Amino acid sequence: MKDRIYKSVVLVSFLILLLVQLRLTYNSYVLRDRDYSLKEKTLINDEYGRSISEDKVYSGGGKIIDSILSSNMPALKQAYLSNRKEFVRLSERVSDTLLKDLQKKSTMDSVFRSIVKRNGLDSSLQYLLTFQQIEINFDTKIGNITIFDNYSHTGFKSNQITPYGVIIDGTLADPSLQNRVTNLSVSGKLVYDYRITFNLFVDPPGRTLKVAYQMLPTFSLVALCIIIIVGINYYTYISWMRQKKETDVKSDFLNSIKHEFNTPITTILVASKSLHEEEVLNDRMRVNALVNIVERQARRLHSHINQMLEISEINNNINLEETDLNYEVLTLVNDYKIKLQAPDSLTFDPHGSEILIMMDPFVFTTMLQNMLDNAFKHNHRDVKMTVLFITSHNGGYILHIKDNGKGIDDTIKEKIFDKFFRAGKDSTISGLGLGLYYVKQCLDIHGWEISVRTEPGKGTEFLVHIPSGQTVNSTNH
């Protein structure tokens, strides 16, 4: 439950931080995009205003507008006052005629190129001129009447219409507020007043990519920041999980050592207290029984203490010598059989040849003792059987320790050699979780390896791999 909460909190925090970073980056991009070529825009705006100071839209545009509107003003007034449907149809016809004439007779290209050349601007700059609105005024009491705007029906194709009006001239593909240089509303006087609105957009090709390129250092820093944050969160989580695992292992170890030490200590204290009683002291059989109990429990304590000391001193006291593997295993097996009770069995099938290897006999014996203890201690069958044998493999040898116990689950098979690890929480089985850890330490200092074959319910087989380089000599019998 705590793991899920921790993961959720980390994930939500990361997503919030990521959104904030992306939002700030986007805002920076928008600001950079808006201010891109600001000086050039201001210059072009001023130059364009001066170029058409005595005209409208472009040089010669004012005459086109005046001629078409002046000839249609009376008819527009009459239709507006008498027949609104006719006024709408006439407005559309007048607007289409006006816009088509402006497109056909446009001089904007020469006006714009003159501005660019005169001011030494980028020759790749593109422009777009759009016509947005026409308003006429017959009477001040009625006010301005729109005969064309962005929402008016026209005969133009969709590629000639933008959100900012009908295209008059230019090749710029993406007009927007960021690249709009001019938005002018110009009034005129004919028979009646009128007002027209038009826009000029200017931009270099690929402006979006250029702005993004300018933002590349910012993008890189944001990406680096996100990667660092992800790394820190991942490292923190891994460290937290490792510490949690270590805490759990230490907790299990303390619980185990408390049980393993308290039981014999309590038994010794109770037995010692009984030995002070006059009635017990006069009964020699009871004294002997209590002394045996004290001795047995003291040995149990001694065994646990020695096991912990062996772990800490194993790397400091290694003493390799030439030893016959068959002899060492056979000696230990014969000694171990004395502790077994029928019908339990322990057998060893020696290899067919003498196997001389460099090993520490004491460390090896203690290691194999631990493995046999585990094989019988964790076996709950009515008849416990453990078999040892040696096989040749790639010039080296494999020592097999196979039992008929309950086997090991795949989920914990990789953990059984960890320090203080105990499979299950069965308090009836004594131990500190150090046995197989000690086995692994012994194998490491000898340069050997171990693998496990197991099947739940059918038993476990440990395979100690002794490489060919460890062999001193082999003599066939």
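Residue numbers (numbering that gives the first Met the number 0): 0 to 476. All C-beta atoms in this analysis are idealised placements derived from N, C-alpha and C, irrespective of residue type, glycine included. As the structure is a computational prediction, the values presented were derived from the model and not from experiment.
- Bounds of the beta strand (DSSP E) holding residue 386 are 384-392.
- Residue environment analysis places residue 168 among the buried positions, since at least 16 neighbouring C-beta atoms fall within 10 angstroms of its C-beta.
- The C-alpha of residue 4 is placed about 14 Å away from the C-alpha of residue 13.
- In this model, residue 225 and residue 93 are separated by some 59 Å (Cα to Cα).
- For the pair residue 141 and residue 47, the CB atoms are not nearer than the 9 Å cut-off.
- Taking each of 383, 357, 218 and 387 in turn and checking the Cα distance to residue 22, the smallest one comes out for 218.
- Spatial neighbours of residue 439 in its own chain (CB-CB distance under 8 Å, excluding positions within 5 residues in sequence) are listed in chain order as 416 and 449.
- When 107, 461, 45 and 406 are compared, the shortest CA-CA separation from residue 455 is found for 406.
- The residues 89, in chain order, have a CB closer than 7 Å to that of residue 74 in the same chain once the five nearest residues on each side in sequence are set aside.
- The residue from 86, 348 and 131 with its alpha-carbon nearest to that of residue 198 is 131.
- With respect to residue 356, residue 396 sits close: the two C-beta atoms are nearer than 9 Å.
- Contact check for residue 345 and residue 332: beta-carbon distance about 6 Å, within the 8 Å limit, so the pair qualifies.
- Secondary structure at residue 150: coil, using DSSP grouped into helix, strand and coil.
- The region 54-73 makes contact with the region 95-107; the number of CB pairs closer than 8 Å reaches 3 or more.
- For residue 447, the number of other beta carbons within 10 angstroms of its own is at least 16, and it is reported as buried.
- The three-state reading of DSSP puts residue 53 in coil, since its state is none of H, G, I, E or B.
- By the C-beta criterion, the region 263-279 is judged to be in contact with the region 292-299, since at least 3 inter-stretch pairs fall below 8 Å.
- With fewer than 16 other Cβ atoms from the protein chains shown falling within 10 Å of its own Cβ, residue 25 counts as exposed.
- Of 188, 235 and 393, the smallest CA-CA separation from residue 62 is found for 188.
- Residue 409 places its beta carbon 9 Å or farther from that of residue 459.
- If you check the CB distance, residue 210 and residue 171 do not come in under 9 Å.
- Assignment of residue 410 by DSSP, reduced to helix, strand and coil, places it in the coil class.
- One alpha carbon belongs to residue 155, the other to residue 102, and they sit about 11 Å apart.
- Between residue 180 and residue 40 a beta carbon distance of about 5 Å is seen, short of the 8 Å cut, so the two are scored as contacting.
- Measuring C-alpha to C-alpha distances from residue 414 to each of 376, 366 and 244 identifies 244 as the nearest.
- Around the beta carbon of residue 220, fewer than 16 other beta carbons sit within 10 angstroms, so the residue counts as exposed.
- Excluding residues up to 5 positions away in sequence, 279 and 289 lie with their Cβ nearer than 6 Å to the Cβ of residue 273 in the same chain.
- Around the C-beta of residue 369, 16 or more other C-beta atoms lie within 10 Å, and the residue is accordingly described as buried.
- Per DSSP, reduced to three states, the secondary structure at residue 48 is helical.
- With 16 or more other Cβ atoms from the protein chains shown falling within 10 Å of its own Cβ, residue 366 counts as buried.
- Taking all protein chains in view, the Cβ of residue 237 is surrounded by fewer than 16 other Cβ atoms within 10 Å, so the residue is classified as exposed.
- As the crow flies, the alpha-carbon of residue 232 is around 15 Å from that of residue 242.
- In this structure, the beta-carbon distance from residue 462 to residue 452 falls below 9 Å.
- The C-alpha of residue 298 is placed about 18 Å away from the C-alpha of residue 286.
- In the same chain as residue 204, and ignoring 5 residues on each side of it, the C-beta atoms closer than 7 Å to its own belong to 123 and 125, in chain order.
- In the three-state scheme derived from DSSP, where H, G and I count as helix and E and B as strand, residue 43 is classed as helix.
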